[in-house]
Every structure is written in C-alpha cells, then in structure tokens.
Amino acid sequence: MSTASYEDEQLQFATTTFAWKSFLAGTFGGCAGLIVGHPLDTVKVRLQSQTKAHLVYRGTAHCFTSIIKYEGVKGLFKGMASPMAGVALVNALAFGVYESVLNFQIQGSETDATLNQMFVAGIATGVVNSFVSCPMELAKIRLQNQGPENAKFGNYYKGPLDCFLKTYKAGGVVACYRGLWSTILRELSFGPYFVSYEIFCRMLTPAGKTVNEMSSPRLIVAGGFAGICAWVSTYPFDVVKTKIQADLAGNDKPRYRGVMDCMVKCYREEGISILFRGLNATILRAFPLNAATFFVYAQSMRMLNSDQEV
28 MSTASYEDEQ
38 LQFATTTFAW
48 KSFLAGTFGG
58 CAGLIVGHPL
68 DTVKVRLQSQ
78 TKAHLVYRGT
88 AHCFTSIIKY
98 EGVKGLFKGM
108 ASPMAGVALV
118 NALAFGVYES
128 VLNFQIQGSE
138 TDATLNQMFV
148 AGIATGVVNS
158 FVSCPMELAK
168 IRLQNQGPEN
178 AKFGNYYKGP
188 LDCFLKTYKA
198 GGVVACYRGL
208 WSTILRELSF
218 GPYFVSYEIF
228 CRMLTPAGKT
238 VNEMSSPRLI
248 VAGGFAGICA
258 WVSTYPFDVV
268 KTKIQADLAG
278 NDKPRYRGVM
288 DCMVKCYREE
298 GISILFRGLN
308 ATILRAFPLN
318 AATFFVYAQS
328 MRMLNSDQEV
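Start counting the sequence shown at 28; every next residue gets the next number (our numbering).
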C-alpha cells in the first residue's frame, strides 16, 4: 500500500471516528438542554399562540404562574415527549452535520476554520435539521397549548402519537410538515449560534491556553450567551412558525396560508410587537438551555477523546 493511500485511510478513519463521537456528544447535550429549557419553552409557545382577540396571559410571569396554578408543575412539561423522543436524532444531527460541513470546507488546509466557514456550516445544519424538527415541533406546540385555562385549544390530542395520527389523517404528510418554511427560516439561527459560541470562547479563553482547555464555568457562559444571540437573530420567524403550526389544532379551517400571509395578518392586527411576543421567556430560557447543551456536549467530547491522549 502506498504512503498516500495509507494516509487517506487514516484520515477517513479519523473523520468517521470524530463524526460518531460528535453525534453521541450532541445527543447528551440535547437531552440536558431539553430538560433545563422546556418549562420556559411552554411559556413561550403559549404567549406566541395568543391573539389580540383571545388574550389569556399578561406576560411571562403571569403565564408561568397560571400554568402551575391550573395544571401543576407537570403542565410546564407538556409536549416534552415529542422532542425527547427525537432529541437524539435532532441534536446528534445538528452537531454531526455542523462538524461534517466544517471539515469538508477546511480539508486540505492547515489553518483553523474561519468564522465565515463556521457560519456556512451552521446555516447548512439549520436547513437539514428543519426536516426532522418541523413535525416534532408541530406536535410539541399543539400539546403545549392544551390546558383548562386555554379553552381555545381544549384537549384534542392525547399525546404526541395521537397528534401525529390525527394530523396525518387530516392532511397526510403535508399536514405533518405544516410550517416547514418558517422552521427553516428559524433554524438559520444555527449560523449565528455556532459563530457567536466561537467568538465568546475566544474572548473567554485565558492567555496561553486553547479553547479546548476552557474551564467549565467559561463554557457555560459562552454557550448561554451564544444561545441568546441565536434566538434573537431569527425570533420573529419562530413566532410565525408557532402560529402556523398551532393554526389547525382541532382541525379548524387554516387561518394562515404561509409565512408572508401570517406576518402580514399579525402586523395588521397587533403591529410589529407581535413578532417579538414571548421574547422575554425565550431569553430567560436560552441561557440555561444552551449553557447546558454546550457544556454537556463539550464535556462529552473531552471524555470520548480522552482515550487518544498520551
């Protein structure tokens, strides 16, 4: 075997090994983030789904306390079964696609990835991730909106599977992917997500050390602020996605025909502020969720790579 062929084989093996480790670490990170952030995600969805004609909650604190009052603490975790069932795939896919696209861009180069390359890898990650997260988010949102104090949505769905079956029966695969375009636009936030994480890591890395040597508290801070930057960057599309996916709960007639139609109708009814409804809950949620995700991901990668250390 020639030296070149041997080196190619070794490179392919190393890339494959890194990929499965990244997928596994992404799964652990995703589970941690979901558990930490789901209660405030429920609050965010409830606030986003409201209309001017049907205001149930006055704000983040009122929504949070109302859910606990009428539904108990378990009400904050409604709809978590859907993302939890797919968290391994979604987060492993996100980190796996990101690392794969990044490695593809820098192959043959001896320099580190640039911020532009990280942004491109993040955008690609968001687009791919949308096709998996869209149907899961649809079920999650419709279940989160159900509650005794929210009569508009009632208790039409018994759980994620029941939601999928009823949605599929009503409109087939297309119905299960309702809100795909708004999901893709929302998931473009993966670009700012990974770039801002890298920037914060560089800022917080002590002189004379590398990013891989960052302490746990610094990783938590970098991940938390990266999450806030990502959510703020595409937040209006998240509001649109929530409204579109909650639109047909209970098999009502569709109110929104698409992203632009939803944005125009929302703006005409309540002004630009409606596209930022629930932002407070999102910011409060973004820091602990993404801090937990990146921290567990980074620590998992370190443990998985520890066998390579000499």
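C-beta atoms are modelled at their ideal positions from N, C-alpha and C, and glycine is treated no differently. Here the structure is a predicted model, which means the values were calculated and not measured.
Going by beta carbon distance, what residues of the same chain come within less than 6 angstroms of residue i, once the five residues before and after it are set aside?
{"i": "A16", "result": "Summary: the structure shown does not reach residue 16, with the chain confined to residues 28 through 337, and so no result is reported for it."}
{"i": "A319", "result": "A59, G60 and V63"}
{"i": "G57", "result": "V114 and N118"}
{"i": "F124", "result": "Sequence inspection shows Val at residue 124; the Phe mentioned does not correspond to that position. Answer for V124: T152 and V155, listed in chain order."}
{"i": "S157", "result": "T210, I211 and E214"}
{"i": "F264", "result": "S209, L212 and R213"}
{"i": "S109", "result": "M163, A166, K167 and P187"}
{"i": "Y283", "result": "I271, D274 and C289"}
{"i": "F50", "result": "A119 and G123"}
{"i": "Q132", "result": "Q144"}
Take residue i and list the residues in its own chain whose beta-carbon comes closer than 7 angstroms to its own, dropping the five residues that flank it on each side.
{"i": "V201", "result": "none"}
{"i": "D68", "result": "R312"}
{"i": "Y195", "result": "A202 and C203"}
{"i": "E225", "result": "L142 and M145"}
{"i": "T261", "result": "L212, R213, L215 and S216"}
{"i": "K79", "result": "E296 and E297"}
{"i": "C190", "result": "A166, R169, L170 and Y184"}
{"i": "S76", "result": "N172, T269, K270 and A273"}
{"i": "Y84", "result": "R73, L74, Q77, C90 and S93"}
{"i": "L246", "result": "F321, F322 and A325"}
Compute the beta-carbon to beta-carbon distance between residue i and residue j, rounded to the nearest angstrom, for a pair I have assumed lies under 8 angstroms.
{"i": "L231", "j": "A249", "result": "6 angstroms"}
{"i": "G390", "j": "I94", "result": "Residue 390 is absent from the structure shown; the chain starts at 28 and stops at 337."}
{"i": "G149", "j": "F221", "result": "4 angstroms"}
{"i": "R229", "j": "I271", "result": "Rounded, the Cβ-Cβ distance is 37 angstroms, inconsistent with contact."}
{"i": "P219", "j": "A257", "result": "5 angstroms"}
{"i": "V70", "j": "A308", "result": "4 angstroms"}
{"i": "N332", "j": "K48", "result": "7 angstroms"}
{"i": "I255", "j": "F321", "result": "Not confirmed; about 12 angstroms, so no contact."}
{"i": "Y267", "j": "R304", "result": "One point to set straight first is that residue 267 is Val, not Tyr, in the sequence displayed. Not really, about 11 angstroms apart at Cβ, beyond 8 angstroms."}
{"i": "L27", "j": "A140", "result": "Because the chain here runs from 28 to 337, residue 27 falls outside it and cannot be looked at."}
{"i": "N317", "j": "G251", "result": "6 angstroms"}
What three-state label does DSSP hand residue i in the structure shown?
{"i": "A309", "result": "Strictly speaking, residue 309 in this sequence is Thr, with Ala absent from that position. If DSSP states are grouped into helix, strand and coil, T309 belongs with the helices."}
{"i": "M241", "result": "coil"}
{"i": "P233", "result": "coil"}
{"i": "G254", "result": "helix"}
{"i": "D265", "result": "helix"}
{"i": "G135", "result": "coil"}
{"i": "A119", "result": "helix"}
{"i": "R169", "result": "helix"}
{"i": "T141", "result": "coil"}
{"i": "L302", "result": "helix"}
{"i": "L212", "result": "helix"}
Excluding sequence positions up to five away, which residues of its chain have a Cβ less than 8 angstroms from the Cβ of residue i?
{"i": "L207", "result": "S157, F158 and C161"}
{"i": "A112", "result": "M163 and P187"}
{"i": "M287", "result": "none"}
{"i": "T54", "result": "V114, A115, N118 and A119"}
Sequence ranges, alpha helix (DSSP H) only - wholly within the segment 51–115, length at least 4: 87–98
Secondary structure, beta strand (DSSP E): runs of 3+ residues fully inside the segment 172–207: none
Start-end ranges of the alpha helix (DSSP H) lying completely within the segment 273–297, minimum 4 residues: 286–297
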